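First residue of the sequence shown: 1, per the UniProt record's numbering; consecutive thereafter.
Quick notes on the structure that follows.
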Amino acid sequence: MKRFSIIVLVIMLMVGVLANLSLAAEYKDGEYIGYVPNEHGDVVIAVAIVKGFITNVEILSPVKHVYKYEPGQKAFYEYPQKVIKAQSADIDAVAGATHSYQDYNKAVQMALDMASGTYKGNKFYGLSRDYAHGHILVEVTLNDARDKIVDIRFITQNEKLKDIDTLMAAKSDKYPHAPAVEAFKSLPEQALKRQNVHVDTISGATHLSTGFYEALLQALDSAGVRKKFE
């Protein structure tokens, strides 16, 4: 009886290992950005894949370190490790944070679909991190054949949620630094018109220019078409 139990345990472990190996084979290495718009703060999550496995999950926005609602704050801290442990976006919601979990799951699943090549959408996301001034998030829309860029735009901070929304603020005409305003307007226009990633660095807005370029590359890489537009 003891020997039989050991055999059963070994078989179960082998099934688990094979399941993980099968899952790992589905994902291409890289970092992928999942995005879910939300009036309470757009959800932006970065998922890192190494050797086919989910190795890191970072909720970039909204951050809830200062969130006053405890279940939401707890979800923010605990969710990434749950995904890494499960190697899946199929994470059960916790009472009091149902909506947060639903959006987190959607964002991570989007990233995983991109990593597996099963993503059916035509909008792809790239991000350049800037924890001091706001992350630069770029949305790239491709045609169905993914051989033409249809639209490019910055996704920016919700001004009403500055305490938790960590995206870069929009650079409207009222923004005090003129080169940043010019870069905010012209960089997406340049890339769209040229149909490639080679945009001009705007003098006085080098950081924004570089960040846009990095985010654009990541979005196109997630779509599997980076080389076509380089």
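Glycine is no exception: its CB is placed at the ideal position from the N, C-alpha and C atoms.
Here the structure is a predicted model, which is why all the values come from computation and not from measurement.
Going by CA-CA distance only, name the one from the options that's closest to residue i.
i           : options               : result
residue 94  : 108, 84, 110 and 77   : 77
residue 158 : 75, 166 and 151       : 166
residue 117 : 57, 154 and 28        : 28
residue 33  : 107, 84, 103 and 72   : 107
residue 47  : 155, 84, 148 and 181  : 84
residue 52  : 202, 61, 31 and 41    : 31
residue 218 : 175, 174, 170 and 140 : 140
residue 229 : 149, 184 and 178      : 149
residue 125 : 92, 227 and 37        : 37
residue 26  : 68, 115, 184 and 180  : 115
residue 61  : 50, 87, 49 and 41     : 41
residue 131 : 202, 101, 142 and 168 : 168
residue 35  : 222, 227 and 226      : 222
Quick check on DSSP: helix, strand or coil for residue i?
i           : result
residue 115 : helix
residue 91  : coil
residue 72  : helix
residue 50  : strand
residue 82  : helix
residue 229 : helix
residue 123 : strand
residue 38  : coil
Would you call residue i buried or exposed, if buried means 16 or more other Cβ atoms sit within 10 Å of its Cβ?
i           : result
residue 209 : buried
residue 135 : buried
residue 188 : buried
residue 250 : Nothing in the structure corresponds to residue 250, since the chain is present only between 1 and 230.
residue 176 : exposed
residue 203 : exposed
residue 143 : exposed
Pull up the distance between the alpha-carbon of residue i and that of residue j, whole angstroms please.
i           : j           : result
residue 113 : residue 65  : 28 angstroms
residue 81  : residue 59  : 11 angstroms
residue 146 : residue 122 : 8 angstroms
residue 178 : residue 185 : 11 angstroms
residue 152 : residue 138 : 7 angstroms
residue 182 : residue 44  : 26 angstroms
residue 79  : residue 173 : 39 angstroms
residue 205 : residue 196 : 20 angstroms
residue 155 : residue 192 : 16 angstroms
Any beta carbon from chain D within less than 8 angstroms of residue i's own beta carbon?
i           : result
residue 178 : Absent from the structure is chain D; it holds one protein chain and no more.
Segments assigned alpha helix (DSSP H), at least 4 residues, entirely inside the UniProt domain "FMN-binding" (131-223): 178-194 and 206-222
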